[in-house]
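Have a look at the structure below, then the notes.
In the numbering used here, the protein residues as written are 123 to 229.
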């Protein structure tokens, strides 16, 4: 199950169910959020065999890091209160979510 959401673009399709733009504007850090690649333990485990546990204990899958990890609770409090009931494709459009996600990747 580790890395399931990273397999063959599953996470990216959850983030952007319909990619119909000729060009997406993003950056190095945000691309890691959109694709689930990069620093996330589940991806690192699948590609390099590295440890995949988050500092707080569970598997470090992108969904855990962005939506469940208590390490980021203070930053999560700065997002609109309804953010936890939203799907990931709705979250990427929330004011402040991109900054929140990029700060996680940069940390």
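By construction, the Cβ of each residue, glycine as well, lies at the ideal position given by its N, Cα and C atoms.
key: Under 8 Å between C-beta atoms of residue 151 and residue 227   = Taking the chain shown and counting its residues from 1, the one referred to as residue 151 is at position 29. Taking the chain shown and counting its residues from 1, the one referred to as residue 227 is at position 105. The Cβ-Cβ distance between residue 151 and residue 227 falls below 8 Å.
query = Within 10 angstroms of its Cβ, does residue 207 collect 16 or more other Cβ (buried), or is it exposed?
reply = Here residue 207 corresponds to residue number 85 of the chain shown, with the count starting at 1. Looking at its Cβ environment, which holds fewer than 16 other Cβ atoms inside 10 Å, residue 207 is exposed.
message = Let me make sure I understand the geometry here. Which of 176, 135, 162 and 153 has the alpha-carbon closest to that of residue 220?
response = Within the chain shown, residue 220 is the residue found at index 98, counting from 1. Taking only the C-alpha atoms, the option nearest residue 220 is 153.
key: Cα-Cα separation between residue 184 and residue 157, rounded to whole angstroms   = Taking the chain shown and counting its residues from 1, one reaches residue 184 at position 62. Taking the chain shown and counting its residues from 1, one reaches residue 157 at position 35. The alpha-carbon atoms of residue 184 and residue 157 are separated by roughly 9 Å.
message = Please classify residue 132 as buried or exposed, where buried requires at least 16 other C-beta atoms within 10 Å of its C-beta.
response = Counting from one through the chain shown, the residue named residue 132 turns up at place 10. Under this definition residue 132 is an exposed residue.
query = Mapping DSSP to helix, strand and coil, what is residue 208?
reply = The count along the chain shown starts at 1 and reaches residue 208 at position 86. Residue 208: coil per DSSP, three-state reduction.
inquiry  = the ligand NAP and residue 135: does any heavy atom of the ligand fall closer than 7 Å to the residue's C-beta?
reply    = Here there are no bound small molecules, and the ligand NAP is not part of this structure.
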